[in-house]
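Read top to bottom, the protein sequences are chains A, B, C and D.
Each residue of the first sequence is one higher than the one before, starting from 1 at the first, in full-length UniProt numbering.
Each residue of the second sequence is one higher than the one before, starting from 1 at the first, in full-length UniProt numbering.
Each residue of the third sequence is one higher than the one before, starting from 1 at the first, in full-length UniProt numbering.
Each residue of the fourth sequence is one higher than the one before, starting from 1 at the first, in full-length UniProt numbering.
From the three backbone atoms N, C-alpha and C, an ideal C-beta is built for every residue, glycine too.
4 protein chains.
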Amino acid sequence: MFKLNKRLILCLEQLFKQAFNNDVLKSTEGAIMDFNQKQLQILETAERLFAMRGFHGASVRDIAQEADVNIAMISYYFGSKERLIESIFLKRILDVKTGLDELVKDKHLAPLEKMNRLIDLFVARISERPHFCRMMVRAQATEEGIPTDLITDVKKQMYEMVKKLITEGQKKGAFVSDLDPLMLVNTIVGTTNHITISQNFLRKMWNMEQMTDEKFREHLREKVSNHLKKMFKVVLTHEP
Amino acid sequence: MFKLNKRLILCLEQLFKQAFNNDVLKSTEGAIMDFNQKQLQILETAERLFAMRGFHGASVRDIAQEADVNIAMISYYFGSKERLIESIFLKRILDVKTGLDELVKDKHLAPLEKMNRLIDLFVARISERPHFCRMMVRAQATEEGIPTDLITDVKKQMYEMVKKLITEGQKKGAFVSDLDPLMLVNTIVGTTNHITISQNFLRKMWNMEQMTDEKFREHLREKVSNHLKKMFKVVLTHEP
Amino acid sequence: MFKLNKRLILCLEQLFKQAFNNDVLKSTEGAIMDFNQKQLQILETAERLFAMRGFHGASVRDIAQEADVNIAMISYYFGSKERLIESIFLKRILDVKTGLDELVKDKHLAPLEKMNRLIDLFVARISERPHFCRMMVRAQATEEGIPTDLITDVKKQMYEMVKKLITEGQKKGAFVSDLDPLMLVNTIVGTTNHITISQNFLRKMWNMEQMTDEKFREHLREKVSNHLKKMFKVVLTHEP
Amino acid sequence: MFKLNKRLILCLEQLFKQAFNNDVLKSTEGAIMDFNQKQLQILETAERLFAMRGFHGASVRDIAQEADVNIAMISYYFGSKERLIESIFLKRILDVKTGLDELVKDKHLAPLEKMNRLIDLFVARISERPHFCRMMVRAQATEEGIPTDLITDVKKQMYEMVKKLITEGQKKGAFVSDLDPLMLVNTIVGTTNHITISQNFLRKMWNMEQMTDEKFREHLREKVSNHLKKMFKVVLTHEP
DNA sequence: CATGAATGAGTATTCATTCAT
DNA sequence: CATGAATGAATACTCATTCAT
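Take a look at the structure:
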């Protein structure tokens, strides 16, 4: 007699999440993240609008209209506006985490090379996930709502990873001794984020307004990547 | 015979701003920024709520209630919600600009010392203007609305200043030759902003949740200041 | 110890009016209708705006601004918005009544001539009091508010007068016998009013849009006057 | 793939209207004017309240409450208060136009008979559409807003029709030569309108206050019809 | 399974009026 | 005596969500 429609499943998911909320990612790791075409349309449009206008500034009406789906579909598929934004974070953050995990597991890279890879991982978001990057920035600036746990979790992992990376580098004598891993992480993430959200300003500064979005982002990515790598090399090794 | 009530004055101000919008700051430099007690209450509360919840997430109702003033007062004093947020930006950005100007005029500081002062100027916002810092981050992430011109203007000035500072340092042989001023600015601002908006996360990481807001911010400020100064010293001079 | 400011006086006036409301006009006939300059400015502006936008469509803010007086002055001088519109009606209707009285008293005019004078009296409003005419039309279309008593009163008087005029004409053999005075009054007033409020339309129809307001109204007045006089001559006397 | 919900349809309608606004009626002639029960309730209530209190005097709250529908329904169905009043005008004016068209096409009537029919057409509104008649009067007295184009259009058509009717009558020798069609139209419309909006006054004058609305309107209609027909017979033919 | 219709709570703003000065 | 400052109530409208079909 029970009808297990998508909505109920989402609801149950939520309950599980609450029950095991201290390791959010693990519990959702295996989550069935298979969305149909319409759901993907919604997610993509929502990501863009949430990024540009903020959670409250982007109405479900707008999202539905731009995604070319019925207004009721959003509540129907995701349960609520809040759970929609959660879905976006869940989806994207898993990607980030996967990237980090792979890098951690790699045993063959030199410490500096590994740091460069880490930088590239973050810088890549400038051109690949600019909307989501904006959402992350907004989310961190925000007091409430938004899946803070998820974000905290991934940030912690990242910090731990960089700490390990630096310690290893120091043990191998590749890095100088006096380094603060957390501050270094903040410099990578902060610089990357800031450049991502300031794209339009930088474009104006460099008179590149007629360049396509894609091309400009590629240009930016390379520039930032070089900047951070060079800077970190000096900072970590004291060699130019 | 003209009646110049507050509303009209605000309206005229707006017109002026539109007419001369290419140098926004200059036109408002001499603007009479004298607000009465109630207006200041509103501005402060609004700053906090806009910072935490975003423009659309903070309703005028909430602002009025928390500022303990009548709802109608906001429209009465500022004309509209949009003009309220503009007032906040105007007020705070003028402060930033003043700080920059003073630093520029100072002729007695060594290049590295001047850079350290610049870092301190930004880092100070972590403890002094955390709400406004959040607002700035949000504003830059946003597509439209918000006094983009004002922000663009102040960012340009800052960039020009750092460029000049670095060039001077290079001429004097104090700094290495291969430096990208714009990227360095982004690193300072990006790192500072990111730490400001991630305060709560860092507090958890360091198990300092029972510390007062004020104390923690002071601690953070020092930590970030040291980090950036040390990093910049190495990057600019290649000396540890 | 009593302070008899203007407001109180107006209030007392109101009380008197309620007490003797069955002959409104008489009680206000001797009313001190002496307004100072600012009051006259308000009355004139209010008349225009009420005429064009209706009672609720014209805000006291607008009226005060256009009349170049402080907003609080309207409440201060007239007590309320409602009492402001009443003052306008009172003032203007007394004029109408005075005109009618004078015509009634005139014993030397032939019946048809007297009717022509009556027509002219009404038609004159097209060019002289177009705003007030519009207000009257609105007032009659309205269910509530507005000094209906005043209007009813003046309309009754007018009807009585026309009835007397026609009866006299019939007695003297100047007019045909089968005439309905009330319907004839309605035709004069209805036609005049309709033309007054349709001025803009007629202007377009006749391609006189570049003519000044004043000139056009004069032109209209003559045209309507002739039309009504000619029509009434035939109707009253059956002679072309 | 386009979503054509009611709101969008209304929006498109509006765009069309703007694009072809010089022949408003034609573009809406085939417009699907099929309203559901709730929409009709709203339209009828709105007509009454707009008639009695004017556009600004009748709030959407009042309309919704009296029509026994949710407040949000009005925006939902009609888009805005302005578009609600437009819908009323559109609906009713199309009826008027249809009536006129049918009369024009009729080839078998004598000139005077045709004029009588025209009078009946207008007089009928006294008893059938008293509210809308009031709205029309208000609309014409108003400076701006309200679908002036629609009204201008129908007025022009009416004028043209009467002109043709009179010219035909003159050609056939049925009417006298010296006649001003536009003034005659104004007399019919003005008299009819004035009587419609003065109903309550006339009721008092004739001591018919206990009569039902319906009965009184019927009585009035006959009286006005006879008056105008008799008057026009004399005016047009110079025969009693 | 998907959706058009519907809704109560909420939005920013304007209103006429009051009151302390 | 006149007015700038202030306000509670009302304004039209939009919101995310629900529900019958």
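Val-189 of chain A has a beta carbon lying within less than 8 Å of a beta carbon in chain B.
Residue state for Asp-34 of chain A is assigned as coil, using DSSP reduced to three classes. Ser-127 of chain A has a beta carbon lying at 8 Å or more from every beta carbon in chain B. Around the CB of Gly-173 of chain A, fewer than 16 other CB atoms lie within 10 Å, so the residue is classed as exposed. Nearest to Ile-85 of chain D by C-alpha distance, out of D:Val-189, D:Asp-153, D:Ala-46, D:Arg-203, is D:Ala-46. Against chain A, the CB of Leu-165 of chain B has no partner CB under 8 Å away; the residue lies outside that interface.
Neighbours of Lys-97 of chain B across chain A, judged by C-beta separation under 7 Å, do not exist; the nearest C-beta is about 17 Å away. For Ser-177 of chain A, the CB contacts under 8 Å within the same chain, skipping 5 residues up- and downstream, are Gln-170 in chain order. Taking Thr-192 of chain B as the centre and dropping the five residues before and after it, the same chain places the C-beta of Phe-122, Val-123, Arg-125, Ile-126, Val-224 closer than 7 Å to its C-beta, in chain order. Contact between Leu-112 of chain B and Lys-233 of chain B holds: CB atoms are separated by about 7 Å, below the 8 Å threshold. Using a Cβ-Cβ cut-off of 9 Å, Thr-212 of chain A is close to nothing in chain B; its nearest Cβ partner there is about 18 Å away. DSSP places Ser-87 of chain A inside the alpha helix (DSSP H), whose first and last residues are 81-105. Asp-180 of chain A reaches chain B at His-227, counting residues in chain order whose Cβ is nearer than 7 Å. Residue range 148-171 is occupied by the alpha helix (DSSP H) that includes Met-158 of chain D. C-alpha of Asp-101 of chain C to C-alpha of Asn-36 of chain D: approximately 55 Å in a straight line.
Taking C-beta separations shorter than 6 Å and ignoring five residues to either side along the sequence, the partners of Leu-236 of chain B in its chain run Phe-175, following chain order.
Per DSSP, the continuous alpha helix (DSSP H) segment holding Leu-220 of chain C begins and ends at 213-237.
At least 8 Å separates the beta-carbon of Arg-134 of chain D from that of Ala-139 of chain C. Counting C-beta pairs with one atom in each stretch, the stretch 150-167 of chain D and the stretch 66-84 of chain C have fewer than three that are closer than 8 Å, which means they do not touch. In the three-state scheme derived from DSSP, where H, G and I count as helix and E and B as strand, Asn-207 of chain A is classed as coil. The three-state secondary structure of Leu-179 of chain D, taken from DSSP, is coil. The Cβ-Cβ distance between Tyr-77 of chain C and Gln-41 of chain C does not fall below 8 Å. Using a CB distance cut-off of 8 Å, His-219 of chain D does not count as an interface residue toward chain C.
For Ile-88 of chain D, the closest C-alpha among the options D:Arg-129, D:Met-73, D:Ser-198, D:Lys-105 is that of D:Arg-129. Interface with chain A (8 Å Cβ-Cβ cutoff): Thr-142 of chain B is included. Listed in chain order, the positions of the UniProt domain "HTH tetR-type" (36-96) of chain A with a beta carbon within less than 8 Å of a beta carbon of chain B are Ala-51, Met-52, Arg-53, Gly-54, Phe-55, His-56, Gly-57. Between the alpha carbons of Ile-119 of chain A and Lys-155 of chain A lies a distance of about 15 Å. Taking a 10 Å sphere around the C-beta of Ala-72 of chain B, we find fewer than 16 other C-beta atoms and assign the residue as exposed. In the assembly as shown, Asn-186 of chain D is a buried residue. Its beta-carbon has 16 or more other beta-carbons within 10 Å. Below the 7 Å Cβ cutoff, chain D contributes Thr-152, Lys-155 as neighbours of Phe-201 of chain C, in chain order. Annotation: Phe-50 of chain B to Gly-99 of chain A spans about 34 Å, alpha carbon to alpha carbon.
Non-local beta-carbon contacts of Thr-196 of chain C in its own chain, meaning distances under 6 Å to residues more than five positions away in sequence, involve Ile-126, Pro-130, Cys-133 in chain order.
Annotation: Cβ neighbours of Val-235 of chain A in chain B (cutoff 8 Å, chain order): Met-231, Val-234, Val-235. Taking 8 Å as the CB threshold, Pro-240 of chain B lines the interface with chain A. Per the C-alpha coordinates, the member of A:Leu-43, A:Asp-180, A:Arg-53 positioned closest to Ala-64 of chain A is A:Leu-43. Using a CB distance cut-off of 8 Å, Val-123 of chain D does not count as an interface residue toward chain C.
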